[in-house]
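Student:
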Amino acid sequence: MLTDLHKTQRLGSALTFLERYHNEGEDFLDQIVTGDETWVAYVTPESKQQSMEWRHSSSPKRVKFKQTISARKIMCTVFWDRKGVLLVEFLPLHELANLIIEERKMEKSQQLEKIREKAKVDLEIARLRAKDIDNNVGINCNNDSSSLDSLIKCIRTRLQ
Numbered sequence: 138m139l140t141d142l143h144k145t146q147r148l149g150s151a152l153t154f155l156e157r158y159h160n161e162g163e164d165f166l167d168q169i170v171t172g173d174e175t176w177v178a179y180v181t182p183e184s185k186q187q188s189m190e191w192r193h194s195s196s197p198k199r200v201k202f203k204q205t206i207s208a209r210k211i212m213c214t215v216f217w218d219r220k221g222v223l224l225v226e227f228l229p230l231h232e233l234a235n236l237i238i239e240e241r242k243m244e245k246s247q248q249l250e251k252i253r254e255k256a257k258v259d260l261e262i263a264r265l266r267a268k269d270i271d272n273n274v275g276i277n278c279n280n281d282s283s284s285l286d287s288l289i290k291c292i293r294t295r296l297q
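With the first letter of the sequence shown counted as 1, position 17 gets the number 154 in our numbering; the numbers rise by one all the way through.
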């Protein structure tokens, strides 16, 4: 269900499209590409050749169990423009799971890196404060520096 914010954003996008169509004409429509993804359930049935087996004429026939359609799923992603389909891509569930896991690992790695950088700065500031107390020196550095390293350099310079 769409929230009021989503409805407003969709309305704004639609109005923008109409305005651009009015200004640019048919050429504008050639620039629009959209996409969607969906889960596709599938079954790979045995062919008649695959299901054939050697058996004695008096032996019982093999019992085949009904296959459930939802047993296997694959993610289907489709992109298209006004002229037709541009790309159809199928991604099996295990590959999708691997991508999600890798993405989460990268996010955690980036979060850990930020935590390490902050810890490095906090440690350096603590050292400098201790040195400041020992030397009775004031530190005046702008904390809005472009990087953590420049902040540390600024603090070190003030203490020397």
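Glycine is no exception: its CB is placed at the ideal position from the N, C-alpha and C atoms.
With a threshold of 8 Å, are at least 3 pairs of Cβ atoms found where one atom belongs to the segment 210-230 and the other to the segment 171-178?
Tutor: The segment 210-230 vs the segment 171-178: in contact.
Student: Give the straight-line distance between the Cα atoms of K251 and D141, rounded to the nearest whole angstrom.
Tutor: Translated into the one-based positions of the sequence shown, residue 251 becomes position 114. Translated into the one-based positions of the sequence shown, residue 141 becomes position 4. The straight-line gap from Cα to Cα measures roughly 35 Å.
Student: Taking DSSP as the reference, what is the three-state secondary structure of T140?
Tutor: Along the sequence shown, read from residue 1 onward, the residue named residue 140 stands at position 3. Coil, per DSSP.
Student: Would you report the Cα separation of N160 and L228, rounded to the nearest angstrom?
Tutor: Here residue 160 refers to the residue found at position 23 of the sequence shown. Here residue 228 refers to the residue found at position 91 of the sequence shown. Those two C-alpha atoms are separated by around 39 Å.
Student: In this structure, how does DSSP classify V170 when only helix, strand and coil are distinguished?
Tutor: For the purposes of this step, residue 170 is taken as the residue at position 33 of the sequence shown. In this structure, V170 counts as coil in the three-state DSSP scheme.
Student: Counting along the chain, where does the beta strand (DSSP E) carrying P229 start and finish?
Tutor: Here the question's residue 229 lines up with position 92 in the sequence shown. 221-229 is the span of the beta strand (DSSP E), which, as asked, contains P229.
Student: Distance check for L166 and S282, CA to CA, integer angstroms please.
Tutor: To locate residue 282, count along the sequence shown from 1; it is residue 145. To locate residue 166, count along the sequence shown from 1; it is residue 29. Unreliable placement is indicated for S282, whose pLDDT of 46 sits below 50; the coordinate value is still reported in the next sentence. Looking at the two C-alpha atoms, the distance is approximately 45 Å.
Student: DSSP three-state label for Q248, please.
Tutor: Stepping through the sequence shown from its first residue, residue 248 is reached at position 111. Here Q248 sits in helix by DSSP.
Student: Would you report the Cα separation of E87 and H193, rounded to the nearest angstrom?
Tutor: The chain is shown from 138 up to 297; residue 87 falls before or after that span and cannot be answered.
Student: Helix, strand or coil, according to DSSP, for K210 in the structure here?
Tutor: As a position in the sequence shown, residue 210 is number 73, starting the count at 1. The answer is strand: DSSP assigns K210 an E or B state.
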